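Q:
Residue numbers (the numbering used here): 20 to 167.
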């Protein structure tokens with residue numbers, strides 16, 4: 020999460036900065052912590068109890084669908100290695116995003132925030148024409164849950 024949301028500059032927060040000695044949070048940090056809280060309220064399952072995708076067939080990073088770049092990080096559930104989460108921190112400008120799954124087709128893809136099943140077509144991985152890209156502007160990220 021820190022890599023995809025912090026390093027990409029979408030959430031400007033500093034890990035390790037907590038409340039003051041009196042228990043209050045500095046006013047300039049409140050909006051940033053609020054954004055993290057709001058994101059984790061609906062997307063926590065994509066963060067807690069997960070690991071990065073190293074050694075799996077799902078890849079993080081920049082993807083290109085017909086000249087349209089989008090950035091996403093990927094996490095993998097520790098208790099169910101067939102479940103992945105693609106955390107998009109860049110909304111595709113033409114509404115189309117490709118995930119590299121090395122040709123493996125998920126049996127289901129859902130918008131994590133709403134639970135809506137997402138239609139996709141396969142290329143080298145699933146291509147989403149109608150993703151939850153508005154969540155990038157509203158929450159700093161859109162999350163697609165992939166079940167293989």
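For each residue, glycine too, the CB sits at the ideal point set by N, CA and C. Keep in mind it's a predicted model, so treat the numbers as computed, not measured.
With a threshold of 8 Å, establish whether the CB of residue 127 neighbours any heavy atom of the ligand FAD.
A: This structure simply doesn't include the ligand FAD, nor any ligand for that matter.
Q: What does residue 165 pair with, by DSSP beta-bridge criteria?
A: 103, 128
Q: Write down every uninterrupted run of the beta strand (DSSP E) in the stretch 42–101 whose length is 3 residues or greater and which is fully enclosed by it, in chain order.
A: With a minimum length of 3 residues, the continuous beta strand (DSSP E) runs that stay inside the stretch 42–101 are 80–84, 87–96.
Q: Helix, strand or coil: which one does DSSP assign to residue 158?
A: helix
Q: How big is the Cα-Cα spacing for residue 40 and residue 166?
A: 44 Å
Q: When you compare only the Cα positions, how much space is there between residue 138 and residue 44?
A: Counting only the Cα atoms, residue 44 lies some 42 Å from residue 138.
Q: When you compare only the Cα positions, how much space is there between residue 111 and residue 42?
A: A straight line joining the alpha-carbon of residue 111 with that of residue 42 spans about 40 Å.
Q: Flag this pair as touching only if the stretch 154–163 and the stretch 53–62 have three or more C-beta atom pairs under 8 Å; answer yes or no.
A: yes
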